[in-house]
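Read the structure below first, then the notes.
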Amino acid sequence: MNPDNIRIVLVNTSHPGNIGGVARAMKNMGLARLYLVAPKQFPDEQASWRAAGADDLLAGAVVTDSLAEAIADCQFVVGTSARERRIPWPLLDPRQCAAQIATHSGQEQVAVLFGREDRGLTNEELKLCNLHLHIPSDPGYSSLNLAMAVQIVCYELRMLHIAGDLPASAEELWDSPFSTVDNMERFYEHLEQTLIEIGFLDPAAPRQLMARLRRLYSRVRLDEMELNILRGILTETRKQVHRDD
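FYI, the numbering used here numbers position 48 of the sequence shown as 1121, with every residue one higher than the one before it.
Below you can see the structure in the form of structure tokens.
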């Protein structure tokens, strides 16, 4: 994936604040190429205010009179559709579409089109696209703000771009190795002896106390640092018991 080959194209945007919101969303996710097709009002201070630090994207925005001009040099074009249409082109969700965009952007110029706030892209504009993207929002309230829609698509692209830098699992982020079976067995012996000494566990009638405690600690998976803390608490507890004796 090459973010420099991906452009976000806004068609006939009515509110300049939405342009600023889109610029902010793009910069958050590492995209910088913004194209504006016949915006109603741009430049505008509302766009700068909503950009919140992404003014460089606004300053570098390419403004064109027509969509054809904005995508003339592109080899792969994705059009966002607010609703599912009976059309002969593939209709993908943002995650599926991001994978296609990432692949094509390696060597090709890619454009992602977003239409007017009130009615999106026209059928004629959608015919210029290789793929159509639909964000599957809740049918009970499907309306999405323009900047929100751009943010969703840009987020999916960002996740693909940094995939190699992300940990494979949450365990890779852990600051201490997880406890070994041998160390856990020593902990259980230490715990049982301490519970006996403080009178909480009756060795003559243990019931299922230790089994349940084993289940508890097995479920949370202690790391070595956490285990050492608990062992320290048990040691100090036993010292206090013997001191009271």
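C-beta atoms are modelled at their ideal positions from N, C-alpha and C, and glycine is treated no differently.
Predicted, not measured: the structure shown is a model, and the values here were computed from it.
* To do: Alpha carbon to alpha carbon, how far is residue 1194 from residue 1201? Give it in angstroms, no decimals.
  => Here residue 1201 refers to the residue found at position 128 of the sequence shown. Here residue 1194 refers to the residue found at position 121 of the sequence shown. Using only the alpha carbons, I get a separation of about 11 Å.
* Asked: Where do the ends of the beta strand (DSSP E) carrying residue 1108 lie?
  -> One-based indexing of the sequence shown puts residue 1108 at position 35. Where residue 1108 is concerned, the enclosing beta strand (DSSP E) stretches over 1106–1110.
* **residue 1315, DSSP secondary structure in three states** => The residue you call residue 1315 lines up with position 242 of the sequence shown. Residue 1315 falls in the helix class under three-state DSSP.
* Which residues in the same chain as residue 1076 place their Cβ atom closer than 6 Å to its Cβ, once the five residues preceding and following it in sequence are excluded? -> Working through the sequence shown from its first residue, we reach residue 1076 at position 3. A distance below 6 Å between beta-carbons, with the five flanking residues on each side excluded, links residue 1076 to the following residues of its chain, in chain order: 1103 and 1104.
* Span separating the alpha-carbon of residue 1228 from that of residue 1235 -> On the sequence shown, position 155 is the one that residue 1228 refers to. On the sequence shown, position 162 is the one that residue 1235 refers to. Rounded to the nearest angstrom, the gap between the Cα atoms of residue 1228 and residue 1235 is 11 Å.
* To do: Please check the pair residue 1081 and residue 1107, which I expect to be a contact at CB under 8 Å, by giving their CB distance rounded to whole angstroms.
  => Against the sequence shown, residue 1081 aligns to sequence position 8. Against the sequence shown, residue 1107 aligns to sequence position 34. Contact holds; Cβ gap of about 6 Å.
* Could you tell me which residues DSSP pairs with residue 1137 in its beta bridges? => As a first step, residue 1137 is located in the sequence shown; it is residue number 64 there, counting from the start. DSSP lists 1110 as the bridge partner or partners of residue 1137.
* Asked: Measuring CA to CA, which of 1078, 1141, 1097 and 1120 is closest to residue 1087?
  -> Residue mapping note: residue 1087 aligns to position 14 of the sequence shown, counting from 1. When only C-alpha atoms are compared, the closest one is 1120.
* To do: Please classify residue 1260: does DSSP put it in a helix, a strand, or coil?
  => Here residue 1260 corresponds to residue number 187 of the sequence shown, with the count starting at 1. Assigned with DSSP and collapsed to three states, residue 1260 falls in helix.
* Asked: In terms of residues, what are the limits of the beta strand (DSSP E) holding residue 1184?
  -> Locating residue 1184 in the sequence shown gives position 111, where the first residue counts as 1. First-last of the beta strand (DSSP E) with residue 1184: 1183–1187.
* Three-way DSSP call (helix, strand, coil) for residue 1165 in this model -> On the sequence shown, position 92 is the one that residue 1165 refers to. Here residue 1165 sits in strand by DSSP.
* To do: Count the CB pairs spanning the segment 1302–1310 and the segment 1259–1266 that are closer than 8 Å, and state whether there are at least three.
  => Yes, since at least three Cβ pairs between the segment 1302–1310 and the segment 1259–1266 fall closer than 8 Å, the two stretches touch.
* Asked: Counting only runs that start and end within the segment 1258–1307, where is the alpha helix (DSSP H) found for 4 or more residues in a row?
  -> You should have 1282–1293.
* Asked: Do three or more CB pairs link the segment 1197–1211 to the segment 1164–1171 at distances below 8 Å?
  -> The segment 1197–1211 vs the segment 1164–1171: in contact.
* Hey, would you say residue 1187 sits closer than 9 Å to residue 1233, going by beta carbons? -> For the purposes of this step, residue 1187 is taken as residue 114 along the sequence shown, with counting starting at 1. For the purposes of this step, residue 1233 is taken as residue 160 along the sequence shown, with counting starting at 1. Result no, Cβ atoms of residue 1187 and residue 1233 do not sit closer than 9 Å.
* Asked: residue 1092 and residue 1131: beta carbons closer than 9 Å?
  -> Translated into the one-based positions of the sequence shown, residue 1092 becomes position 19. Translated into the one-based positions of the sequence shown, residue 1131 becomes position 58. Going by C-beta atoms, residue 1092 is nearer than 9 Å to residue 1131.
* To do: Going by CA-CA distance only, name the one from 1149, 1191, 1197 and 1155 that's closest to residue 1174.
  => What you label residue 1174 is simply residue 101 of the sequence shown in a count that begins at 1. Nearest C-alpha to residue 1174: 1149.
* Beta-carbon separation (whole angstroms), residue 1223 vs residue 1099, contact threshold 8 Å -> For the purposes of this step, residue 1223 is taken as residue 150 along the sequence shown, with counting starting at 1. For the purposes of this step, residue 1099 is taken as residue 26 along the sequence shown, with counting starting at 1. Between residue 1099 and residue 1223 the Cβ distance is about 7 Å, and since that is below 8 Å, they are a contact.
* Would you call residue 1178 buried or exposed, if buried means 16 or more other Cβ atoms sit within 10 Å of its Cβ? -> In the sequence shown, the residue the question calls residue 1178 occupies position 105. Classification for residue 1178: buried.
* Asked: Is it true that the CB of residue 1134 sits closer than 9 Å to the CB of residue 1184?
  -> Counting from one through the sequence shown, the residue named residue 1184 turns up at place 111. Counting from one through the sequence shown, the residue named residue 1134 turns up at place 61. For residue 1184 and residue 1134, no; Cβs fall outside 9 Å.
* **Span separating the alpha-carbon of residue 1212 from that of residue 1249** => Counted from its first residue, the sequence shown places residue 1212 at position 139. Counted from its first residue, the sequence shown places residue 1249 at position 176. One C-alpha to the other measures close to 45 Å.
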